[in-house]
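The block underneath contains the structure these notes are about, expressed in structure tokens.
Protein chains: 2
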Amino acid sequence: MSIAIHPAVDGGIAKGAEGFSGGTLRCHCTRDPVEVNVSAQVAFNHACGCTKCWKPQGALFSVVGVVPREKVAITAHPEKLKVVDESALIQRHACSACGVHLFGRIEKKDHAFYGLDFIHTELSKEKGWQGPEFAAFVSSIIESGTPPSKMQAVRQSLEDKGLTPYDCLSPALMDLLAAQAARAKGTYRES
Amino acid sequence: MSIAIHPAVDGGIAKGAEGFSGGTLRCHCTRDPVEVNVSAQVAFNHACGCTKCWKPQGALFSVVGVVPREKVAITAHPEKLKVVDESALIQRHACSACGVHLFGRIEKKDHAFYGLDFIHTELSKEKGWQGPEFAAFVSSIIESGTPPSKMQAVRQSLEDKGLTPYDCLSPALMDLLAAQAARAKGTYRES
Chain L
1 MSIAIHPAVD GGIAKGAEGF SGGTLRCHCT RDPVEVNVSA QVAFNHACGC
51 TKCWKPQGAL FSVVGVVPRE KVAITAHPEK LKVVDESALI QRHACSACGV
101 HLFGRIEKKD HAFYGLDFIH TELSKEKGWQ GPEFAAFVSS IIESGTPPSK
151 MQAVRQSLED KGLTPYDCLS PALMDLLAAQ AARAKGTYRE S
Chain C
192 MSIAIHPAVD GGIAKGAEGF SGGTLRCHCT RDPVEVNVSA QVAFNHACGC
242 TKCWKPQGAL FSVVGVVPRE KVAITAHPEK LKVVDESALI QRHACSACGV
292 HLFGRIEKKD HAFYGLDFIH TELSKEKGWQ GPEFAAFVSS IIESGTPPSK
342 MQAVRQSLED KGLTPYDCLS PALMDLLAAQ AARAKGTYRE S
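Chains L and C, in that order, are what the protein sequence lines are.
If you use my numbering, the first sequence closes out at 191, no skipped numbers anywhere.
If you use my numbering, the second sequence closes out at 382, no skipped numbers anywhere.
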């Protein structure tokens with residue numbers, strides 16, 4: 001039995017359009033929605049099982065990717081935005097009315113992902129965004145109520161839908177984090 | 192090119208002998224070695240890339256597994272044992288003379304792995320231990336000086352030698368950790 005992951009996965013994963021250069025993210029408010037313009041294609045887009053990322057009602061996973069922070073501009077109703085958890089590494093700027101997360105930003109300058117903002121492309125009507133390419137923090141969905149006995153079927157569904165499941169980030173991203181840790185410790189070697 | 196991982200991997204991975212019930216771990220001191228008797232087969236034995244596990248000279252990975260803590264008894268020279276880092280989750284009891292880690296113990300009673308001690312079966316002369324079954328914290332070897340450009344070849348070598356590489360623990364263990372986190376938060380569901 002195939003398990004529903006997220007609308008952007010279950011309906012077939014979109015391939016990014018060549019030359020696509022972004023769009024406008026909008027929160028779910030019917031009046032005065034917050035708008036955020038993103039002038040870049042998304043990178044490392046993925047399904048995420050963590051309990052902190054925003055996801056639409058009923059979805060088992062979030063879908064989230066990154067863009068350079070200088071490509072992100074709030075274009076309407078910045079007054080409605082509020083950081084969900086100031087103590088979190090990723091500062092998630094959410095609409096205080098509808099709860100949707102417009103973008104997540106890392107303010108820690110020595111972090112490997114500093115300079116990248118986390119966005120949910122489903123908040124944009126534009127077509128051409130690259131769909132999710134892998135699944136991260138899969139085991140974490142147990143923390144939002146998925147029974148452990150269901151995990152094998154969840155991982156199988158992810159594989160079947162084209163997303164390799166990882167319980168942390170993907171190897172490429174984990175290597176970036178480890179390289180940053182190595183630089184901080186003075187153990188980094190280029191070759 | 193195949194990359195050397197650890198002697199217990201490179202020489203072919205041992206299958207555990209049926210009915211095998213343990214052996215004696217000895218540190219590397221030629222005089223008065225610390226001895227620890229383990230009266231159980233090892234479980235979840237794996238190659239570990241983290242920077243804290245003990246590994247033999249020249250090995251890229253550690254090989255480490257778990258046994259019930261009540262099956263672990265110090266039988267010679269307990270006075271030489273010292274905890275490497277009291278602040279670490281796993282208290283690694285090492286020989287203060289030769290530096291070999293005899294066993295690692297979790298003292299945090301609400302941890303998913305409480306009750307299990309971490310051991311290196313290569314410290315025992317007995318044959319019959321189950322060899323490593325997967326590779327964990329693979330990206331972390333970058334923190335001990337492996338160049339990121341070499342990681343693809345390392346992961347390929349692990350696969351070729353029969354060990355699926357993970358950048359955290361294996362899915363089964365990650366699910367156990369998530370289930371414990373869910374219980375602590377009150378979000379755990381059995382079905």
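Glycine is no exception: its CB is placed at the ideal position from the N, C-alpha and C atoms.
Source: prediction; values computed, not measured.
Closer than 9 angstroms by beta-carbon distance: list the chain L residues that pair up with residue i, in chain order.
i         : result
Ser331(C) : Met174, Ala178, Ala181
Rounded to a whole number of angstroms, what is the C-alpha to C-alpha distance between residue i and residue j?
i         : j         : result
Gly104(L) : Gln41(L)  : 16 angstroms
Ala112(L) : Gly377(C) : 33 angstroms
Lys206(C) : Trp320(C) : 7 angstroms
Asp223(C) : Gly213(C) : 22 angstroms
Glu193(L) : Pro339(C) : In the structure displayed, chain L extends from 1 to 191; residue 193(L) sits before or after that span and is not available.
Trp54(L)  : Leu349(C) : 35 angstroms
Gly145(L) : Met342(C) : 35 angstroms
Gly19(L)  : Gly131(L) : 15 angstroms
Arg260(C) : Asp301(C) : 15 angstroms
Glu4(L)   : Phe134(L) : The question names Glu, but residue 4(L) is Ala in the sequence shown. Their Cα atoms are separated by approximately 15 angstroms.
Gln371(C) : Ser193(C) : 38 angstroms
Asp358(C) : Ala17(L)  : 31 angstroms
Lys71(L)  : Gly115(L) : 10 angstroms
Tyr379(C) : Gly202(C) : 42 angstroms
Lys352(C) : Leu364(C) : 21 angstroms
Glu277(C) : Leu368(C) : 22 angstroms
Gly249(C) : Arg183(L) : 22 angstroms
Pro247(C) : Ala199(C) : 11 angstroms
Ala153(L) : Pro171(L) : 22 angstroms
Arg346(C) : Val84(L)  : 37 angstroms
Leu314(C) : Ser287(C) : 16 angstroms
Phe252(C) : Asn37(L)  : 46 angstroms
His197(C) : Ser39(L)  : 47 angstroms
Ala360(C) : Leu169(L) : Inspection of the sequence shows that residue 360(C) is occupied by Leu rather than by Ala. Near 12 angstroms, if we compare the C-alpha coordinates of Leu169(L) and Leu360(C).
Residues of chain L with CB closer than 7 angstroms to the CB of residue i, please, in chain order.
i         : result
Glu381(C) : Pro147
Cys359(C) : Asp167, Cys168
Ser335(C) : Thr187
Do residue j and residue i come within 8 angstroms of each other at the CB atom, strictly closer than that value?
i         : j         : result
Ala146(C) : Lys273(C) : There is no way to answer for residue 146(C), as the model of chain C reaches only from 192 to 382.
Phe309(C) : Val254(C) : no
Ile13(L)  : Asp366(C) : no
Thr355(C) : Asn236(C) : no
Ala279(C) : Val257(C) : no
Glu270(C) : Gln282(C) : no
Ala76(L)  : Glu35(L)  : yes
Given that residue i touches chain L, what residues does it touch there, using C-beta distances under 8 angstroms?
i         : result
Arg346(C) : Pro171
For residue i, is the beta carbon positioned less than 7 angstroms from some heavy atom of the ligand ATP?
i         : result
Glu317(C) : Ligands are entirely absent from the displayed structure, and the ligand ATP is therefore not among its contents.
So, does the region 329–344 of chain C touch the region 235–250 of chain C, judging by three or more C-beta pairs under 8 angstroms? yes
May I ask you to verify whether the region 281–301 of chain C touches the region 216–230 of chain C, counting CB pairs closer than 8 angstroms and requiring at least 3? yes
List in chain order: all unbroken beta strand (DSSP E) runs of 3+ residues lying wholly within the region 271–328 of chain C. 272–274, 281–286, 292–297, 307–310
Would you mind listing the beta strand (DSSP E) stretches within the region 229–253 of chain C that are 3+ residues and don't spill past its ends, in chain order? 234–239
Within the region 329–357 of chain C, ranges of the alpha helix (DSSP H) (whole runs, at least 4 residues): 342–351
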